[in-house]
Amino acid sequence: MFYFLLPIVIFCVFMSIRTLFIPNTVKGKFVSIENALFLGSIYLTVILGFGLIYLLFELKGISLLVETNDENNYNMFETSFYFSAMTLFSVGNGDVIPHGVGRMVAVIEALIGYTLPAAFVARALMDREK
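The opening residue of the sequence shown carries number -6 in the working numbering; numbering runs sequentially from there.
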C-alpha cells in the first residue's frame, strides 16, 4: 500500500504547485479574495501532501521525525502535519527534528515553501503585463 500511495501523494503535491504556471489561474489583481483562496489552497495541499509523506514513512516503520520532548504520548498524525506546516512556513521550532531521509524531504518542503510566494507574485506580475 505504501508504494501505491507515496507516488500518488507526490503527484498531487506537484500538480497543485503546477497550477501556478497555468495561464489564467492567477487573476490580474494583486489583492483579491480569489487569489488569497488560490494561494491558500496550494499551501494546504502542500502541507497535507508532505504531512502524508512523513506519515506514510512512519506507518511503514521508517521513522523520519523525532520529537525532542520526553513525553510518551507521541501522536504521529499530529506530529507529521505539525512538522509539515512548520517546515513550509518557517524553519521550525526545534521541537520536532527530521533525521535520515527525512532531512532531504524537509529540505525539499522548505524550498517549496520559500519559492511559492515568489512564484505567485511573479505569475501575478506576468499576467498583469498582458
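Built from N, CA and C at the ideal position, the CB exists for glycine as well.
Since the structure is predicted, the reported quantities are computational estimates derived from the model, not experimental observations.
Query: Check this for me: beta carbons of L49 and P91, under 7 Å apart or not?; Result: no
Query: Below 8 Å, can you find three or more Cβ-Cβ pairs linking the region 78 to 91 to the region -1 to 19?; Result: no
Query: Can you give, in chain order, each stretch of the alpha helix (DSSP H) that sits fully within the region 34 to 100 and has at least 4 residues?; Result: 69 to 82
Query: Hey, how far is the Cα of F(-5) from the Cα of A112?; Result: 31 Å
Query: Using 10 angstroms around the beta-carbon of S73, count the other beta-carbons present and answer buried if the total reaches 16, otherwise exposed.; Result: buried
Query: Taking contact to mean 3 or more Cβ pairs, one atom from each stretch, closer than 8 Å, check whether the region 37 to 47 and the region 83 to 90 are in contact.; Result: no
Query: Using the three-state DSSP reduction, which class does S9 fall into: helix, strand or coil?; Result: helix
Query: Could you tell me if I55 is buried or exposed, where buried requires 16 or more neighbouring beta carbons within 10 angstroms of its beta carbon?; Result: exposed
Query: On a Cα-Cα basis, can you pick out the residue from A115, V114, S83 that is closest to V100?; Result: S83
Query: Compare the C-alpha of P110 against each of F(-3), L13, I1, P0 and name the closest.; Result: L13
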